[in-house]
Each structure stands twice: as C-alpha cells, then as structure tokens.
Amino acid sequence: MSEKILMKGNEALAEAAIRAGCIRFFGYPITPQTELAAYMAKRLPKIEGGVYLQAESEVSAINMVLGSAASGARAMTSSSSPGISLKAEGISYIAGSDLPCLIVNVQRAGPGLGGIQPSQADYWVSTRGVGHGGARLLVFAPNSVQEVIDLVFDAFELAEKYRIPAMILSDGLLGQMMEPVVFPDRAPVLLEKPWAANGHRDKRNKNIINSLYLQASELEEKVRQRELRYREIEEKHSKASEYMMDDAEYAVVSYGATSRVAGSAIDAAREKGIRVGLIRPVTLWPFPSKQIFEKSKNLKGILAVEMSSGQMVDDVRLAVNGNCPVNFFGRTGGIIPTPMEILSEIEKMSKGDIK
Amino acid sequence: MSEKILMKGNEALAEAAIRAGCIRFFGYPITPQTELAAYMAKRLPKIEGGVYLQAESEVSAINMVLGSAASGARAMTSSSSPGISLKAEGISYIAGSDLPCLIVNVQRAGPGLGGIQPSQADYWVSTRGVGHGGARLLVFAPNSVQEVIDLVFDAFELAEKYRIPAMILSDGLLGQMMEPVVFPDRAPVLLEKPWAANGHRDKRNKNIINSLYLQASELEEKVRQRELRYREIEEKHSKASEYMMDDAEYAVVSYGATSRVAGSAIDAAREKGIRVGLIRPVTLWPFPSKQIFEKSKNLKGILAVEMSSGQMVDDVRLAVNGNCPVNFFGRTGGIIPTPMEILSEIEKMSKGDIK
Amino acid sequence: MKTVFQKPRSLSDTPTHYCPGCTHGIVHRLVAEAIDELGIEGRTIGIAPVGCSVSAYNYFNNDMVQAPHGRAPAVATGIKRSVKDSVVFTYQGDGDLAAIGTAETVHAATRGENITVIFINNAIYGMTGGQMAPTTLEGQVTQTTPYGRDASIAGNPIRVSEMLATLDGPGYIERVAVDSPAHVRAAKKAIKKAFETQIKGKGFSLIEVISTCPTNWGLSPGDAMVWLRENMIPHYPLGVFVDWEKEENDG
Amino acid sequence: MKTVFQKPRSLSDTPTHYCPGCTHGIVHRLVAEAIDELGIEGRTIGIAPVGCSVSAYNYFNNDMVQAPHGRAPAVATGIKRSVKDSVVFTYQGDGDLAAIGTAETVHAATRGENITVIFINNAIYGMTGGQMAPTTLEGQVTQTTPYGRDASIAGNPIRVSEMLATLDGPGYIERVAVDSPAHVRAAKKAIKKAFETQIKGKGFSLIEVISTCPTNWGLSPGDAMVWLRENMIPHYPLGVFVDWEKEENDG
Amino acid sequence: MAKGRVVIDERLCKGCSLCVINCPMGVLELDSSKLNEKGYNPATPVNADKCTGCAICALMCPDVAITVERGDN
Amino acid sequence: MAKGRVVIDERLCKGCSLCVINCPMGVLELDSSKLNEKGYNPATPVNADKCTGCAICALMCPDVAITVERGDN
Amino acid sequence: MVKNIIFAGFGGQGVLFAGKVTAYAGLSQGYEVSWLPSYGPEMRGGTANCSVVIADRPIGSPLVINPDVLIAMNKPSFEKFAPLVASGGIIIYDSSLIDSKCDRDDIEIYDINATELSQSENLKGLSNMILLGKAMKVVGILKDKSIEEGLVKSVPPRKSELLKHNMRAIELGKNN
Amino acid sequence: MVKNIIFAGFGGQGVLFAGKVTAYAGLSQGYEVSWLPSYGPEMRGGTANCSVVIADRPIGSPLVINPDVLIAMNKPSFEKFAPLVASGGIIIYDSSLIDSKCDRDDIEIYDINATELSQSENLKGLSNMILLGKAMKVVGILKDKSIEEGLVKSVPPRKSELLKHNMRAIELGKNN
Ligand SMILES: Cc1ncc(C[n+]2csc(CCOP(=O)(O)OP(=O)(O)O)c2C)c(N)n1
Ligand SMILES: Cc1ncc(C[n+]2csc(CCOP(=O)(O)OP(=O)(O)O)c2C)c(N)n1
Ligand code: SF4
Ligand code: SF4
Ligand code: SF4
Ligand code: SF4
Ligand code: SF4
Ligand code: SF4
Ligand SMILES: [Mg+2]
Ligand SMILES: [Mg+2]
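Residue numbers (my numbering), protein chains in the order written: chain A, 21 to 375; chain B, 21 to 375; chain C, -12 to 238; chain D, -12 to 238; chain E, 54 to 126; chain F, 54 to 126; chain G, 6 to 181; chain H, 6 to 181.
This is the structure in structure tokens:
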C-alpha cells in the first residue's frame, strides 16, 4: 500500500502493530483509545494465530500481555491514563521479568477520572517507570499519524533487543485525528527468543520467567545488569528532531501533539524576527539530554511547552543543568494550547519578561 | 505514656495514627508492612467506631479509603511497593477528588515481585504522583521510629488542611526495627469538613465528591486551583534537617533509613578531617529545594545516597541547578549501604576522583 | 384533578445526559422514588460508577461520591463503615460491576456488606461506544465482537445474580427488567425492598435491572425494549435469588 | 525388589522451602505425577502465584512463569492463547485466587479458558505470616482476626468451587483434600482429570485442594490434618461440581 | 371530560416514544412539527380526551418529562 | 524378609511425622538422635521388617523424601 | 495556503463524514490535510463537530479554534462558532434549522435551506452534503473531481450505491 | 561506646527474643538502642538473626554487618557470621550444636553447651537465655538489674510466670 490514505492515529497504530508482527492484543475499553481496540477486534480474528481478547480489566489485560510475552510472542495492550495506572504493577513485573512488549497510552486529562480530552500529564509516570521499583520503559512520543506508524516498528524492535517494555505515549488528539499515511515496506525484525517459556519440548532445559529474587545480592545483580542495558540505551537510542535550530537564540522544547502547535508558534515568531527553534524529543526515555545540553550552551532561554502543569520540563532542566534559563508554559484539563499563546510566551522570553 | 518503650516502626506508626485520630484502616497484607495491619486489627475493634477491614486487594483497600475519606473520616491504608502500584489509580482519584488520607508505603526492593528487603526505589512514583494525571502527594520520610510518630500527626493535619493525600514513605528497615519511643502529648487537630458526603440530613445542600470534569475548561480550573495549593505547600512545608553542615565543603543528601548510615559515614569522614555534612530531606514532596540550592552555592560537591539506582538525585540536581557537582551512590535489591561504602565515596569526592 | 405522578423529590432538576429512551432514566427515577418513600434522603449516600451513569451524582439529591471504574462497592464500604446510620447505594453498569469490578462485587457480597447495589445490565459498554460487556449475549454484535460474540473466544456471558446467590453474605438479590409497565412496577418494588434490606441490617442487597442501550444496540427505544424481552430475559431469567425474609420464615 | 514409589520425573531435585508437613509439597508431587503420566512435560507451562508457592518455578521441570499476586489466570490466558498446543496450569493459594485474584479467576472460568487451575485452600495467607484469607472459617484466629473471624465484620468465607460452578465456562471443577491417603489418591485422580479436560479442549478446569498450613495454624502437621478434616471439610464439602463428561453423557 | 391529564415538559422530552408506545389509550404522539432546544420532536397528547390518568406513560418515561393528574371528580 | 522397603533421603526430610502417623504398620519413627543439615530429626524405619511396601508413607510425604520398593519375589 | 474549517451540528447529521470527504478531497489535490473530530461519550443528540485543515505546508495544530470556514448545521453550533470565525472568513449555514443572526461585517455569510431541500429532493439525511456543495463552491479551493474522489474514499464499498445520492446533494448545494 | 551485636540461630530458638531483652536492658541503662530482625516469609526451620546496637550516642545503621559481639546458636549462623566479627570482637556460641572451629586470633571466642544445659536443667527452649547470660558476663556492659528489667519488658504480662525460668537460665549462663 503506497497510496496515501487517511487514517486515525489509533487505527494507524493498530495496523502498524499488525504489520510489525504483533498479532496478540489484550485490552480493555477506554476513551480515547477505543478505535485501536476496535480495529484489532476486526482484523485479528482474520489472521492465522491472531489473538484479540478483551480482558475483564486493565489489570488482567497487562498480565495477559505478560503471559503472552513470556511465551515469546509479540504482544501489546493499549489504554488511556486511568487504565495505565491500573497496569502499573503488571508493567513493573514485565520490566522486572525482562520481557519486551508494547503498551500504548492514549493520554487523557487527569487526575482521577478527569476528562477525556488530550493531555500529556502522564509524562512522569511513563518516564520515571510506571509502578514501583524504578524500572524503565522505552517511551516514544510521535507527533503525527505517520510517525506513529514508524515508531511502532522501532518500539517492538528495541523492546525485544533489550528485553524491556516499550510505550507509545500518544494522546487523545493524536489518537483521534486523521492524517494521510503511507505504510512503509518494512519487514519486522524478529529475534530468536531462546528464553521464552513456551514448553521445553524435551529439547532444552526449562525456562523460567520471574522477577523474584529473595537474595538481595542476586536481585541487586539483576538490577545492575538491567541498569547497564539502560545506559546502553541512553547512549544509543535517544532521539530528538530539530526545527529552525541552526541560528536559534531561543528554543521551545515540546513533544507529541503539542509540538505541532509549537511549530506553528515558531513560524509566527520567526515572522516577527525572533530567532527561536524547536527541539522535539521523539524518545522521552531515553530523553535526548545530551542534545539539549549541547544546544543549551548557545541559547538565551528555553521554553518547555506541555499539556500538563510541567513534567517534561524537569528533564529539560536536568539536561540543561543551569546553562540557560528554562521556562514553562502548559495547559491542562484537556485544553490544547494555541499557537498564539505559545507565541506570546516566546515573545515574553525574548523580551526578558520571563527569565 | 512518657516512659520510653521499644517499638517496631510499623507498630509505632499504627499507634501514632490511632492517637492522631485515625480509626479507619483498610489494608491488604504484604511484607514488610504486616505488623502495621496486625496492630490495627488488634486495637481498632476495641475502639468505639474503629474500623479495621482487610480488603480483598490493594485496589479495593484504597477505594475503601476513598469512600471513608469522602465521608469525612480520617482514613488510612498501608502497603508495600507492589501494593502501592495497585493503588495508583485510586490514589490519583483521591487526589483528583481533593480528599485527604494517609497512605503508608513500607518499601521493599523491586521491580516486579523483587524481594522483601528494604529499598527506596519508589521515590519517583511517590514524589511524581503515583498514578496518572500528575497529582501530588505530601511525602514524609522519617528516619527513626520516633520521627515516624511525629510525622504521622503532621501528615494527617497537612493532608486535611490542603485536602490532598499524604504518604509516609517508610521502608523495610524502618518498619521492622525497634527503637525507644515516647508518644507525644499531642491532641490531633481536627478540622470541620463541610464538604464531606456523609448525608445532608436535610440541613444543607447535597455534597458531591468527584473527579470528573468533562468540560476541559472546568477541569483546567480545578487543576489550577490545586496547583496553587501545591505552590503554597512548597512555600511553607518543605523540611530538611542538617548535620555538620555549618562548615561543610561537601554534603551528603540522603533520606529515611539510608540517612542514618550516611550519618555514621559522615562521623567517620570528619574523623579523617573531611569537612562533610548531611542534608536530610524530611519531606520528599515538597522537596527542600531552596535549602539545598542555597547550601549548594558554597559546596564543592554533593553526594546523593539512596537505596535505589538513583531517583532522589534528580531532585537534588534540579535544586542545585548546576551550582556544584552532584554525585550518586546507591545500593539496590534490598541491600543497605554500609557506612564504609559511603565513606569511601565521600573520600573519592573530596579527592576529586569523582566529579 | 390530583397529581398522581410527578418527579420524585430526591431526583434533581438537572436534565439527564442519557440518550433518548435509555432506561438509565427509568431506573434513576425508581431509586429516587424508593428513597422518597422510605424518607431516607438525608442519610443516603450514593456512589456513581464509571459508565453512562457516571454523572448520576448530578441527578440525585442525596450526597454522592463518584467512584473509579468498578470500585463502587469498595467506596460504598468505606462510607458505610465510617457513617454508621447511613444508607449507601451504588449504581453500576455491567462492565463496571461484572468485569473490572468483579472482585469488589463478589467481596462486598460475601462480606454481607450492608449496602444496596443497583446493577444495570444492558449487555454492553454504553459509555465507551458499545464494546462487549461481560453480559453481552452470544452472537451479539458489538464494537469489539464485530462478528458476533463467540463464546469459545470471547467467553460466556455471566449471570451475576445466580453467581452471587451462592455466597453467604447477600440478604436480597432479585433480577428485574424495565421493558414494560408491569416490569417497571416490579422493579420499583424490588429496589425498595433492597433498601429496606439494608435499613434492617440484613446484609448485601443487589437488584439486577435488565436494561436497554438503544444507541449502541442500534435500535429505536421501542425496538430495544422488544429485543430485551426476546433476547435478554431468556438468558437472564427474572426472579428473586436471595431473600432474607423468606430464609427467616423458612428457617 | 521393584521401585514402586519415587520422585516423579517432572519434579525437580531442588528441595522445597515449605515448612515441615506443609501440604503444598504433596500437591506439587501430585501435579508432577499427572504431568508425567500424561507425558506432557515438554509442552506444559506452569504459572507460579504469589504466596508460599511463589517459588514453584524452582520445583517443576516444565517451563514456568511467575505471575503477580492473583493474576495467574490472566498470565495463563496470555500464554495459552499464544502457544496453541501448550498445556497451561496455574498453582494458586486462596488469597491469590479468591481475594486479589477474584476477577481473574471468575473471568478465566466464564471464558472457559482452556487452562487448569490448582487451587490450594488452606484458609490462611501462609506466606505473609498468617492473615485472614477469603476462605478463613468463622471464628478462626489469624493475625488479622485476632479475636476470631467475625463474619459480620470480616465477611463470610467463600466457597469458590460452588461459585464458579454457576458459570458456563468451566469443564471440570472438583474439591478434594489431602489429609489422608485415600483423599490424596482421590486428589491425584482429580488433578489428572483436570489436565485431561484441558488436553481435550473441554474448557476451564479447577481443582480446589483443601490443605493445611501447620505453621500459621499453630499446629503440628499431624494435628493440622485432623483440624482440616474436622473443620474445613464440613464447610467445604468434597465433591465434583462441574464435569463435562457427565454433562455430555447426560445431555 | 377526560379522567386524566398529562403535562409534558417539552424541555425534558427526548422524543423517545416510549410513552407513545405504552399509552394504552393512544393519547400521545411525537410532534414532528416541533423541535425542542435539544433537537428532538417532543411528545404531545393528541387524544387528550381519552386519557385515563393511568400514568403508564410517566412510568415508562426515562426523562421524568411527564406529570399526570387524575380527576376524582 | 519384609515385603517392602523404604529409603528415606535424610537430606530432604523435614521431620514432619506425616509418614510416621500414616504408616499402617508402624514402621517409621523420627530419629531424635540425629539432626540433619536443616536442623530436623529425620524419619527412619524402626520396624523395617514390617514394611509391606504399600507406599502410603510416600504418598503422604510432602517432601518426596521417601522411595519405596516392593518385593514381588 | 492554510484553510481551517469547522463542520458543526447535531450528532447524526453527518458532520464528521462531511469533514472526511473534504479532507480526502484536499488530499487528492496533493495538499496536506488533517481531520479531527470532537469526541466523547457517544450519545445521541449531543452536538458534534470536526476540524479539517487543508494546507500547502505541514499542518501545525489540527484543532481549529478560529476557522476560516464554518459550516453550521444547527443553532447551538452557529452560536458557538460564528463569533470565532477568523476575520475574512466564511460561514455557510442551514437556514432550515438556524434563524440566528450574526452581525459581523468582517466575514462572509451564506445560507442554504439544506434540510428542507434534502427532504423535498428525496435526499433525506444528506443536508450535510448539500452544505458541503455550497461551501466548496463558495470557498473555491477544491475541484469537483477531488470532491468526488473524496466521496469515493469516504463511502465504504458496501454502501457505494449511496455515492450518486451524495453527488446529487453536493450538486444541489453548489447550485442553490 | 557502640556495641554492635548479632544474635543468630534457627527460627524458633528465640534469637529475636534474646535480642529484644538485650535492647531493653540497654535502654534501662539509658543507652540508645536499636533492634532489627532478619525478616522474610515466616517458615519454620529457616535461620533467623537480629541486630542489636547499644550506644551512648545516636545510632547510625541499625543493621549490624561486622558485630562486636556474635551470639551463635547454630552451625550455619556460626559459619556465616564468625568471619564478619570485628577485630577485637567476641563470639559466644552453643557448643551443644556447633562443632565448627574458627581460627581467628584477633577475637575472643567463648562457648557454652547451652542446649544440653537447658535440657538437663529443665529449662527447655531457654538455651537462648543461657547464651545471653554468658554473653552479658563476658561483655560486661549490662548490669544484672538491667537484664532483669529487659526481661520484664519483653515477656508479655500473661506469660509472666516464665520470668523466673528465664532469669534462672541467664544465671546459669553467667556461671558456666
Ligand atoms: C480504569 C478505567 N477503565 C476503563 C474506563 C473506560 N470506561 C468508561 S465507562 C466503561 C464501561 C461502561 O460500561 P457499563 O459499566 O456497562 O456501563 P454503561 O455505560 O453500559 O451504563 C469503560 C470501560 C475507565 N474510565 N476507567
Ligand atoms: C500485590 C501484592 N499484594 C500482596 C502481596 C503480599 N502477599 C504475598 S503472598 C500473599 C498471600 C498468600 O496467601 P495465599 O494465596 O493463600 O497462599 P499461601 O501462602 O497460603 O499458600 C500476600 C498477600 C504481594 N506480594 N503482592
Ligand atoms: S449509550 Fe446506551 S446506556 Fe449510555 S446513555 Fe446512551 S442508550 Fe443509555
Ligand atoms: S507458611 Fe503454611 S502454607 Fe506456607 S509453607 Fe509454611 S506451612 Fe506451608
Ligand atoms: S396517563 Fe395513561 S392514558 Fe393518559 S396519556 Fe398517560 S398512559 Fe395514556
Ligand atoms: S417517554 Fe418521555 S422522553 Fe420519551 S417521548 Fe415520551 S415524554 Fe418524551
Ligand atoms: S511402605 Fe507402607 S508399610 Fe512401608 S513404611 Fe511406608 S507406609 Fe509403612
Ligand atoms: S513425611 Fe517425609 S518429610 Fe515428613 S517425616 Fe516423613 S520422610 Fe520426613
Ligand atoms: Mg452496560
Ligand atoms: Mg492460603
């Protein structure tokens, strides 16, 4: 299919996952991700070996993913913010069991039941490890329906290479909007999984998938090994795209749906002669800290823009480490910032009205 | 009772909560917090109105707390790391419904099932809002059984004043150890709760406890109001204690059980002539950023020490904002660092072997 | 002329957000009537679920608490245990009560938690746009069973009342429907009895109300009533499953 | 002399960590014997729960996965659906299966998920040091019911097999005990039949094994067996609750 | 004169027809000439004289849009 | 000569007495003079000649510590 | 060129569909396009709207706040969005259902009695297409052929017999 | 003064209790004290130990890694902890159960056949107190009266009849 078709972010994500070789889907309905599951429910029963299962809850769904992943399958689940909270324990187990899988969070506004409009207020839970014990997820933040597709492939492949769970951090805007997309001619890279618990068939020793280590020293060693992989991932796989950064004196840092609005604001600011560019983290963990650090040396100021009260801005500040002032602008509750609002913040920054 | 008695951290916490007027306890067993629930199970049935209920799960327990708190009662639950993950959604709802309550996390090593030995690897989930939507908890980190008692009172009172959930972030070490304690003669401060859903008795309009706001603008306003309270809390209620900081060239930043070990290391380092002191955050959120920022201006280096792969160190770096190098030392898996290890890190730092 | 039918006092004036012909509205009214007749509004606390009735807190005049999806019985338990003389009810859909909330439902029931559960079984997830519910019938087409529910893949529908009736805690369990005037009257009686069960301290009470979701069933409200009658009631037979009164008389 | 009894092949050589006289060990062996006799070790995947049997992955020779507390049936579902010819069993305690895992249990059962559940009912939370379980008997003293379980506060014990038998998905459900040689033999037969149920694709199978926890009951292993017989079996009657074979013959 | 009288609050009516279908006397119809604020055709009594005041319509109305009076005179 | 023979792996035995209690022939006792590595008094046949090889002891042993042989000779 | 468009009306009036046809039409002319619905609990009788952006460069926000073009199918939508139309923008509304006035003089306002027309012309439920036809004529970016292509892409194959009715409705809109 | 003490043995031998008595004894002499048990799934036959610290200044780590005093009640514990005893430290062990050698010459090693004594003296289950008595004599920090007070605090009131047996066992330890 090389013709461009219009697709919703949610549906494109589902189709991309199938093309990336993931035919095991376990979910539980929640707005605004429902189209993703509905798409899977239509497609998977028609595919040999395809499993679409609506679990009784998010807790159950993530544990089905745990089982499916433990057996060596490419497996995924999708949900939205409150549902991701319920998956926290399971995700921590998946991470602690060194299993790869894909978790999609089509974020909505919180906390609590909140609302169903777009949000980016799950940045912290996503990047600081959803659940206890400090494990990490690979977190991808596409900003267009096309990029959703591309990152789904990356997510599965890196997840399996490093045996860690991956997350696509989407939001209601990206999930619900339609854009023209082309599905790439990309054959999924499938690794051998000699560790999988799928029956030893009298051909190998038994495999155990487990996260329990009652001996503290053993557990520490497990954690250490994992941290080494984390360091490697941080080294190799952080990603950010830049726009108008070559001569920039100021930068907006923004990801996902919000970064599109920020892009419009930057165009408007440039028209007013402000030398501002955009740094858009594509991976949220690993966060593109080095890139931002390097850039920040030559900047007069940074404006982080999020649909939250300020979460990614922590990582920006950590990256910048005092090199230049870091400002923040955010909208919450499901409100999408407008280009004009962002422009006005950029203007304030360039005039020195905010530090 | 002014005689000193020996008490386990878990039991002292339970007794303190009762004395602080909390006689509604909803829990689910998990090591290493079991003594807390067992203590409650013994005491509460003997108290008029006392409710001890073992729920069918952590998910249920936190929602019982939600109900009890919604009705205006002082309510609490306690658990350990995996159980806290399961409470994530409920905690986000409690925060989103502006309800006060106390959540105790007697941390154990993770991720996943992990181990049952002490850990501080739940710093992120605790301080970045356990659950979706970016809400905050007041997080208290005692480092002695006596301080456990004192902070329980503070926790309830601040939680109710600001209508936000509070957490005591304990760990297996603090929970299991016995130390001499005295219970203070402190009468609990009990505020009126005109918002409570306990039956309008035909005397007032109905009360609604809720976290749903389908209108994004309404939800944003709710979030904004809450953020204002957060700012006030950050302004007024962050707390850290200092040890040997007056002439310090270097500082260790460490909290909870780990800070005790760090204290011993500092004594040893002082004997070797190294001018190092300890800054111990007592509240983790609000984090004592200002205090650390001010101190950091005159320091040559900071060493953050945690029982984790490095979590609080983020907040230290954010506070320091580049003023001086921030180093990290941590043990994981349930291993408690020794004074010697920490001393050796302090020495490295003072020799410039680590930046 | 004398007014023989008007809005019950404990129902608020706020117009509901329900779709035309949705039976949630009928059941709301029945609950309010029961509260009125028992004169308990002042000490009643209701729990709204997550589901189409999520905003039920706007429609009742008693105090209300909105619970996370499936957790209404746990929230109700927290309240009931903390406010001794309260009358506490939850109002929950089939997804809320019988899928994600299964554990909370079963355990509130087995504890004999002295609360009243109004259980709206409409065989669908209404609010999220029509996905399979635990009570969706075999063969029923939903957004997530686009080829009809195949029990061998998607599982069998649960009969909640029958399942809970095996437990020792419930005091009253009845399944009713709201597809006809006679059934609505019976439903009203059942709901009132459930509240009385609670007031008398006889344990957990649950009324399963076989209901419609015209929107997601893709039927007109009238046709939905017929579909309910012809398809749901045969699988979910109406009747009393637990009755403390009968047990006391028998025992 | 001929060896008439030895360690089954699918049990590993690792000594268990169970307390002296704990019946977990007996049931482990019975499961391994069934696997041996059916010749399915190579395609069997077992799920260890959270509970005293958390380390079961060390004791069986087939592939094993350790599940979060209560979620073994969901984990099993994920595996079973992904590896078509696998034989999947969970091994769960009463806290794991009937408290925190209630929803997963009920829904695996109603789905007729083609897995086998070995359910160890010892009326206590063994691993965490003896708290009340959902199956703790009335009056039973535990760490969290120090004055004896009072049903009016702590709720009534659940009869899991009876409850699940109301669902359409289960193919085989039996309650057995391991307090005497005769009961152990019957338990073995039941466990084997449960695996056969799965192999034949007849749906969800569950064997509830009435078991002891000498340590937390505060009894010697021998006395624990007597206590089981005198207290637990009367409340949890042994027997077959669902049998696909009987249904096929009857129907 | 009719024994009963129904008053329909058009603001609340969603035009679901449940009252129309269930009225034993055929008193009610949707008024297709009207559209209320929410965009529905509200129910209205077209055979008001036949109304017995049995309140079945109100019993079935999900939106409490109907008030019923009965004349004992 | 006895019809049966039991071999008890003392390493595995936890001294629970279930074999002792259930042996119909009174063949077994705990050996209170011995303490194995784990600190238990292991079971041991004290009336070996009475053993019928019925394997009931092994059936009840939670620790698979018992192997049973039966002589068909 | 960037055209920010809002289609708004009651749920069930086909505003989302009209938006999709427009987006596909833009796509077939080689433009960048995006389509974003209002979403929420799906309940009949609620209002629905969608944002469509057609541009010759990458699209920033797919959410339209100040539309260049507003197609309004009911009164609440007209009242909500008319004040938000960008200066120099255009409103097309269904005069069968909307009697409100808008006294802005910085925008162009067109009306068409789409619902009546759809009923009289035996095109029930296609007032959305009538309005779309009118709008496309007034705005003048999309070619007839593109709209037809947009329709073909938007109508599921199993319903292709509806195509010609849709086309007829669009024609009707263009010519009234 | 800081004394780091480890009590170690099988679960059920009363090592935690002995530690608690010691901690209370220290407290009654006005010292800072802490007590920390090894913890885990409660299963019989496992090993158990506890750390007790007695000091005249605030206690840093309550977890003892290199004890000044080791009281060992079984062989695995002896083997595990003997090498960790701080130079200049003391080991007291039960020679009824432990036959291991320790050839360190930088520490003092004492033994007492506590289990045998407890059996012969009709003090079954009180070998822990016998060892404690011995240890207290050897270490010499805690006064008899403090130990008695420690016992009174540690024995639940409903079991106070056990007090005198405990005291006798401690005496026995001191004198053997
Ligand atoms: C944790 C969580 N999971 C999922 C959802 C999404 N959700 C909202 S309502 C609902 C189901 C509603 O169905 P039901 O309980 O049957 O009520 P109905 O709408 O049919 O009345 C779901 C899955 C949510 N809000 N929270
Ligand atoms: C989420 C979570 N909650 C609680 C625990 C603590 N926990 C471990 S085992 C257990 C109960 C075990 O009881 P049961 O399932 O009856 O098994 P048994 O030990 O009796 O065999 C609990 C509550 C946990 N590990 N994880
Ligand atoms: S979606 Fe269904 S259940 Fe929900 S309000 Fe509409 S008709 Fe009622
Ligand atoms: S605690 Fe109980 S269930 Fe656990 S191993 Fe010991 S005896 Fe068995
Ligand atoms: S009261 Fe009876 S007769 Fe009158 S309109 Fe209503 S249903 Fe018809
Ligand atoms: S039943 Fe009520 S809402 Fe429905 S048409 Fe009649 S009056 Fe209107
Ligand atoms: S085989 Fe039978 S007779 Fe022999 S020891 Fe075992 S139980 Fe006793
Ligand atoms: S039953 Fe087994 S473990 Fe128990 S005493 Fe006999 S041989 Fe030892
Ligand atoms: Mg429903
Ligand atoms: Mg148990």
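Glycine included, each C-beta is placed from N, C-alpha and C at the ideal position.
Just so we're clear, the structure is a prediction, and the values are computed from it rather than from any experiment.
For ARG246 (chain B), the closest Cβ of chain C is not nearer than 9 Å. By alpha-carbon distance to ILE34 (chain C), the top candidate from B:ARG290, B:MET197, B:ALA217, B:ILE374 is B:ALA217.
Three or more beta-carbon pairs separated by less than 8 Å link the segment 6 to 18 of chain C to the segment 187 to 206 of chain C, which places the two stretches in contact. TYR93 (chain F) has its Cβ no nearer than 8 Å to any heavy atom of ligand 2. Apart from the 5 residues on each side of it in sequence, ALA95 (chain B) sits with its Cβ closer than 6 Å to the Cβ of ARG44, VAL85, SER88, ALA89, CYS121 in its chain, given in chain order. DSSP, read as helix, strand or coil, puts ARG290 (chain A) in helix.
Distances taken from the Cβ of GLY124 (chain F) to the heavy atoms of ligand 7 include none shorter than 8 Å. When Cβ pairs closer than 8 Å are counted between the two stretches, the segment 28 to 43 of chain D is seen not to touch the segment 87 to 102 of chain F, the count staying below three. Taking 9 Å as the threshold, the shortest C-beta distance from PRO121 (chain D) to chain C falls below it. Judged by DSSP secondary structure, GLY103 (chain B) falls within the alpha helix (DSSP H) whose first and last residues are 101 to 106. LEU156 (chain H) and GLY29 (chain B) have their alpha carbons spaced roughly 21 Å apart. Residue state for PHE203 (chain B) is assigned as coil, using DSSP reduced to three classes.
Separation of GLY158 (chain C) and GLY88 (chain C) (C-alpha to C-alpha, rounded to the nearest whole angstrom) is 20 Å. Non-local beta-carbon contacts of SER101 (chain B) in its own chain, meaning distances under 6 Å to residues more than five positions away in sequence, involve GLN127, ARG128, GLY130, ASP142 in chain order.
PRO221 (chain C) is not bridged by DSSP to any residue. Buried is the label assigned to ARG337 (chain A), since at least 16 other Cβ atoms lie within 10 Å of its Cβ. With a threshold of 8 Å, the Cβ atom of CYS39 (chain C) counts as near ligand 1, since some heavy atom of the ligand is closer than that. Sixteen is the threshold: since fewer than 16 other Cβ atoms of the shown chains lie within 10 Å of the Cβ of GLU23 (chain B), the residue is exposed.
For GLY31 (chain H), the three-state secondary structure derived from DSSP is helix. Under the three-state reduction of DSSP output, PHE307 (chain B) falls in the coil class, being neither helix nor strand.
Taking 9 Å as the cut-off, the Cβ atoms of GLY51 (chain G) and HIS4 (chain C) count as close. Setting aside the 5 residues that flank it on each side, GLY330 (chain B) is surrounded in the same chain by PHE348, GLY350, each with a C-beta closer than 6 Å to its C-beta; the list follows chain order. Taken atom to atom, the span from the alpha-carbon of GLU361 (chain A) to that of ARG290 (chain A) is near 15 Å. When DSSP states are grouped into helix, strand and coil, ARG136 (chain D) belongs to the coil group. In this structure, MET60 (chain B) has its beta carbon at no less than 8 Å from each heavy atom of ligand 5.
Checking the 8 Å criterion, the Cβ of TYR112 (chain C) is within range of a heavy atom belonging to ligand 9.
Classified as buried, MET198 (chain A) has 16 or more neighbouring CB atoms from the shown chains inside 10 Å of its CB. For SER192 (chain C), the three-state secondary structure derived from DSSP is strand. ASP99 (chain G) sits in a strand when the DSSP states are folded into three classes.
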